[in-house]
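Residue numbering for the sequence shown follows this note's numbering, beginning at 7 and increasing consecutively.
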Amino acid sequence: MPGRASLLGSTRTVVGKTHALLDPASHVHGGLPGFSSDAVVVLISPPIGAGFVQFLVDLEPYEAGGSSLPGIESFLYLLAGEASADLGGRAASLSAGDFFFSPPGIEWSLRAGGSGAHAVVFQKTYARLPGVEPPSLVLGRTEEGGGRPFLGDPDALLQTFLPEEPSFDMAVNLFQFRPGASLPFVEAHVMEHGLLMLEGRGIYRLDDGWYPVVAGDAIWMAPYCPQWFAALGPTPARYLYYKDVGRHPLDGSH
7 MPGRASLLGS TRTVVGKTHA LLDPASHVHG GLPGFSSDAV VVLISPPIGA
57 GFVQFLVDLE PYEAGGSSLP GIESFLYLLA GEASADLGGR AASLSAGDFF
107 FSPPGIEWSL RAGGSGAHAV VFQKTYARLP GVEPPSLVLG RTEEGGGRPF
157 LGDPDALLQT FLPEEPSFDM AVNLFQFRPG ASLPFVEAHV MEHGLLMLEG
207 RGIYRLDDGW YPVVAGDAIW MAPYCPQWFA ALGPTPARYL YYKDVGRHPL
257 DGSH
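Quick look at the structure:
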């Protein structure tokens with residue numbers, strides 16, 4: 007676990023062809039355009055085999071950063087602290103649990119408040135459907151107890167953050183599991199995932215591997231990677247995850 011002494015040269019980080027588990031103890035900060043040199047940790051990106059980017063942002067009090075890549079859409083979830091966002095000229099105040107979706111063509115920036123700001127960002131190249139206008143800006147907040155039972159299980163609650171409309175080609179959801187709850191079956195599907203454990207601990211099956219996971223861990227799952235999760239321990243487990251949606255596999259968006 008992060009912060010605990012470990013044997014020299016040992017790590018929980020695993021990187022394979024179909025999945026990766028990234029232990030916070032192995033994080034290396036580096037710059038992305040628009041951010042300072044030590045504000046970002048890139049967790050998942052195309053060099054690992056992914057079709058999207060997932061990164062952490064750590065801003066010191068009143069530090070600012072942002073993104074303006076053409077054709078790129080972004081989803082930002084504020085994990086801790088407070089910040090003010092400029093979303094193409096629209097101002098928004100964010101606290102922990104708030105999020106925004108920035109469609110392609112909108113330049114966004116974030117300025118931390120007095121306690122700093124810690125966020126996770128998912129980005130991908132937008133895949134436009136013929137005759138369908140790109141999605142609109144979305145601002146929202148995590149609703150306490152707002153999730154719905156997943157496939158009828160009241161111990162596994164799923165909260166969705168983005169509209170299920172043809173214009174959207176990504177989804178970001180929050181999953182909460184009571185202790186002992188699990189996914190009902192081993193999934194294998196065309197969508198790929200980027201995941202961040204927010205709370206608690208559990209066990210994740212990825213392909214043929216079984217991995218203990220704790221808050222702070224990040225996971226990449228390639229398309230068709232067999233996957234399953236169960237929450238362990240005395241407290242609930244929560245994770246935030248991304249997936250690509252709404253596009254045909256032959257259009258190049260997968």
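Built from N, CA and C at the ideal position, the CB exists for glycine as well.
Query	Result
Alpha carbon to alpha carbon, how far is G200 from T166? Give it in angstroms, no decimals.	15 Å
Between L135, D29 and G15, which lies nearest to F21 when the distance is taken from Cα to Cα?	Checking the sequence, you will find Val at residue 21 rather than Phe. Comparing Cα-Cα distances from V21 to each of L135, D29 and G15, the minimum goes to D29.
Can you find the residues in the same chain that come closer than 6 Å, C-beta to C-beta, to F181, ignoring five residues on each side of it along the sequence?	L164 and Y245
What first and last residue would you give for the beta strand (DSSP E) that runs through F174?	Here F174 belongs to no beta strand (DSSP E), and DSSP marks it neither H nor E.
With H, G and I counted as helix, E and B as strand and the rest as coil, what does DSSP make of S32?	helix
For A11, which residues in the same chain have their Cβ closer than 8 Å to its Cβ, ignoring the five residues on either side in sequence?	For A11, the pLDDT reaches just 49, beneath the cut-off of 50, and the residue's location in the model is therefore unreliable, leaving the point undetermined.
On the criterion of 16 or more Cβ atoms from any shown chain inside 10 Å, does G146 qualify as buried, or is it exposed?	exposed
Given this structure, state the Cα-to-Cα distance separating E205 from I112, to the nearest angstrom.	31 Å
Just list the residues that DSSP pairs T131 with in beta bridges.	I78
I believe A177 touches E198 by the beta-carbon criterion, under 8 Å. Please report the beta-carbon distance rounded to the nearest angstrom.	About 12 Å; that fails the 8 Å criterion.
On a Cα-Cα basis, can you pick out the residue from Y248, G119, P155 and Q129 that is closest to S90?	G119
Do you know how far the Cα of I209 is from the Cα of I225?	12 Å
Could you check what DSSP says for P109 in three-state terms: helix, strand or coil?	coil
Measuring straight from C-alpha to C-alpha, what distance separates G95 and L14?	49 Å
How many angstroms separate the CA atom of P109 from the CA atom of P169?	13 Å
Is L202 helix, strand or coil when you go by DSSP?	strand
Looking only at C-alpha atoms, which of D223, C231, I54 and R184 sits nearest to P160?	R184
Nearest to Y68 by CA position, among K23, P232 and F41, is which residue?	F41
Identify the continuous beta strand (DSSP E) that holds K23 and give its terminal residues.	From DSSP, K23 is part of no beta strand (DSSP E); its letter is neither H nor E.
As a quick exercise: from L93, F174 and V63, pick the residue whose alpha carbon is nearest that of L84.	V63
Assuming P232 and A194 are in contact, meaning their beta carbons sit under 8 Å apart, how far apart are those beta carbons, in whole angstroms?	5 Å
With a CB to CB cut of under 7 Å and the five nearest residues on each side skipped, what residues in its chain are close to P240?	P185
Check the C-beta distance from F106 over to L82 and give it rounded, since I have them as a contact under 8 Å.	6 Å
Curious, which full-length beta strand (DSSP E) runs of at least 3 residues does the region 58-104 contain?	59-65, 70-73, 78-93 and 96-101
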